[in-house]
Each structure stands twice: as C-alpha cells, then as structure tokens.
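Numbering (my numbering), first residue to last: 5 to 130. Glycine included, each C-beta is placed from N, C-alpha and C at the ideal position. Being a predicted model, the structure only gives us computed values, none of them experimental.
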Amino acid sequence: MSPLECRDDYSFPGILHLKKAGDFSRVFDRKVRAGDQHLLIFADRNQLSWSRIGLSVSRKQGNAVQRNRRKRLLREAFRLLRPELPKGFDFILIPRAGVDSTLVDYQRSLKSLAIKLARRHWPEEA
5 MSPLECRDDY
15 SFPGILHLKK
25 AGDFSRVFDR
35 KVRAGDQHLL
45 IFADRNQLSW
55 SRIGLSVSRK
65 QGNAVQRNRR
75 KRLLREAFRL
85 LRPELPKGFD
95 FILIPRAGVD
105 STLVDYQRSL
115 KSLAIKLARR
125 HWPEEA
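Structural data, given as structure tokens:
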C-alpha cells in the first residue's frame, strides 16, 4: 500500500509532482493530448498507483505574478480533484494563453479531459 492510499485528505505531497526532465519528455513524446478553451493536457501511464502532474506555463501567459497565479490554480484544481481522477497517470497541464480562467474552469476542464484521455487511449484502465 502506498503512502497516498493511507491518506483520505486532500494533501498535495511532492510525490504527486512531475519534476524530472525525463518524465516531462516521456509524456510529451507520447503525444497523447486533449484540450479545451481553458487547458491542454498531455498524458501517459506511469507505473504507480497514483497520478502525478507537471505544469508548463510559458511567458506568453503574462508576467511572473500572472504565471504563478495560474500555476497555483492548476495545483489546487488537481489537489481537489485527485480522488476523482484516473489513477496511474502522469499529466502535464498547460493553461491556454489569453483566457482568464477561474479555479472552477480549471476543475471542470481537468476532470473532463483527464477522463476523456484515459477512456480513449487506455480503456482497460479507465
């Protein structure tokens, strides 16, 4: 049993973050993606019993304050939705430039797109 399976809270420990460049490259190279007006998501299976996220927020998103706000909102959306998202996936979240999205917008997008990707590419897992 993993340390995450013992917890029923909405914490967001470091093991839920994609940090290594190799992990980002693997997910991007898989070219499994879905998007809507708020978010673009890349996905790949991992060998874990939980899902992880990585964030990619470019300078097109605005100055550092604006980029950091988007990252905070995306992390919070993932943290709140973690029990409802498919398990065993690595997701890279990229917010759309020029769209002023709220936490609720990101939550709706993340949930629907993650489930859509899991069902479309890994139907036996979803």
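Backbone CA spacing between residue i and residue j [nearest angstrom]
{"i": "Ile98", "j": "Arg30", "result": "16 angstroms"}
{"i": "Leu22", "j": "Ile96", "result": "8 angstroms"}
{"i": "Ser60", "j": "Ser53", "result": "23 angstroms"}
{"i": "Lys64", "j": "Arg37", "result": "20 angstroms"}
{"i": "Ala1", "j": "Ala68", "result": "The structure shown does not extend to residue 1, since the chain is modelled only from 5 to 130, so the question has no answer here."}
{"i": "Arg132", "j": "Trp126", "result": "The displayed coordinates of the chain run from 5 to 130. Any statement about residue 132 would go beyond what the structure contains."}
Same chain, Cβ closer than 7 angstroms to residue i, neighbours up to 5 away in sequence not counted
{"i": "Leu107", "result": "Leu77, Glu80, Ala81"}
Buried versus exposed call for residue i [16 or more other C-beta atoms within 10 Å across all chains shown]
{"i": "Arg56", "result": "buried"}
{"i": "Arg74", "result": "buried"}
{"i": "Gln41", "result": "exposed"}
{"i": "Ser15", "result": "exposed"}
{"i": "Ala101", "result": "exposed"}
{"i": "Asp48", "result": "buried"}
{"i": "Ile19", "result": "exposed"}
{"i": "Asp94", "result": "buried"}
{"i": "Ser113", "result": "buried"}
According to DSSP, residues forming a beta bridge with residue i
{"i": "Asp25", "result": "Looking at the sequence shown, residue 25 is not Asp but Ala. The partner list for Ala25 (beta bridge, DSSP) is empty, contrary to what the question assumes."}
{"i": "Leu44", "result": "Gly39, Ile98"}
Chain-order list of residues whose beta-carbon lies under 6 angstroms from that of residue i (same chain, five-residue window excluded)
{"i": "Leu44", "result": "Ile98"}
{"i": "Lys120", "result": "Ala38"}
Legend entry - Contained beta strand (DSSP E) runs [length at least 3] in the region 48-103, N- to C-terminal order: You should have 56-59, 93-99.
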